[in-house]
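Down below is the structure, laid out as structure tokens.
In the working numbering, the protein residues as written are 1 to 395.
This is the structure:
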């Protein structure tokens, strides 16, 4: 049976970088590394081991998580190892296993725990791992190693849309330009991406076992602003005091509503040849607890937006709101969207306790009417500015 040792970094004298280099940096028969996040200084720790065992090494790194960097992928690619990035198609369901496995002859070692391929993860953070020594002449030990190898082969073979092999720097550049890895050096001024035309970000939600919805209540968090180093398109660098302009700061907003799984009607996707999309979405109770959908959006979510009575339909009030849109973890831009509310309390819809407020997708429709958003969840956030601003996140 495998021998196990416990490593607790930062509160003992041991660190993951030293242990990992000792285990990996030798001639091996096989090397498998799997991490959620990678930064260049973390990747540098294993660069020598990967270069030494390049054709026998496989590295799996999570992306679409706002942490893994362009520079880290470049470091890993330069070693000649088989490099894969794992894109679940969601920012809220991420690839997260941390495994460092080395096999040589009839023995193997594995470091399994919490340490990512970042400088902090391998040196300074309080991280815990089990260091496992395997004798492959022992049936249980051999079965464990075979299972690890089999699972990662299965990952590559069964999820070709989500587990992408990085073959060259152009592949890294494409991932960066799609917004799924970050640049470690600067915060670049956000450019509004082009609307999808059928060839954009089409990664669907990765089919995984057990998605557990979180119970949702209204919540408000402290608000603030951040100083950012911005590189303008001409290359000039400056520091700006950035409120909710361009890509918003999530700290400025608080959650006001969350949907259930989105359907064709919500996203304005025709369900059949005879179906005409309305261009709008009814705002219902969704996943929220303790709200009356007839009043909640008008009196709370969209309070203070400047409702105006419709001249031709007096029982309707209209307003325009500024919405910052994210889908699948990628910022799509800021849009002026129209909202409507039916104020009639004698209508059949009101008496039946149906939804009375809707949002028209207008200029954001090209980002919304995407089939790969079906089954995802929309979250609506508010910022108490004057007038209020909003953020929509579909993931």
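All residues carry an ideal CB built from backbone N, CA and C; glycine is no exception.
Closest by C-alpha distance to residue 159, out of 45, 205 and 287, is 205. Rounded to the nearest whole angstrom, the CA to CA distance from residue 370 to residue 103 is 44 Å.
In the structure shown, the three-state DSSP call for residue 336 is strand.
Counting along the chain, no alpha helix (DSSP H) covers residue 352, and no H or E run does either. Taking residue 69 as reference, the option from 54, 177 and 79 with the minimal CA-CA separation is 177. Put simply, the backbone Cα of residue 157 is about 31 Å away from that of residue 269.
Excluding five sequence positions before and after residue 75, the CB atoms of its chain that fall closer than 8 Å to its own CB belong to 40, 43, 44 and 47, given in chain order. For residue 138, no alpha helix (DSSP H) segment is defined, and its DSSP state is neither H nor E. Residue pairing of residue 383 in beta bridges, as defined by DSSP: 389.
Residue 306 and residue 84 have their C-alpha atoms some 50 Å from each other. Close CB contacts of residue 27 within its chain, under the 8 Å cut and outside five residues either way in sequence, are with 52, 53 and 104 (chain order).
Non-local C-beta neighbours of residue 79 in its own chain, meaning closer than 7 Å and more than five positions away in sequence, comprise 47, 50, 51 and 54, ordered along the chain.
Around the beta-carbon of residue 381, 16 or more other beta-carbon atoms lie within 10 Å, marking it buried.
Cβ neighbours of residue 377 within its own chain (closer than 6 Å, five residues either side excluded): 259. Its chain contains 33, 35, 37, 38, 39, 42, 43, 45, 46, 61 and 72 as the residues whose beta carbon lies nearer than 8 Å to that of residue 117, once the 5 sequence neighbours on both sides are disregarded; these appear in chain order.
Within the region 88 to 154, not a single complete alpha helix (DSSP H) segment reaches 4 residues in length.
Taking a cut-off of 8 Å on C-beta distances, the region 89 to 100 does not touch the region 164 to 175, as fewer than three cross pairs fall below it. With contacts defined by Cβ atoms closer than 9 Å, residue 129 and residue 115 form a contacting pair. In the three-state reduction of the DSSP assignment, residue 11 falls in the coil class, being assigned neither a helical nor a strand state.
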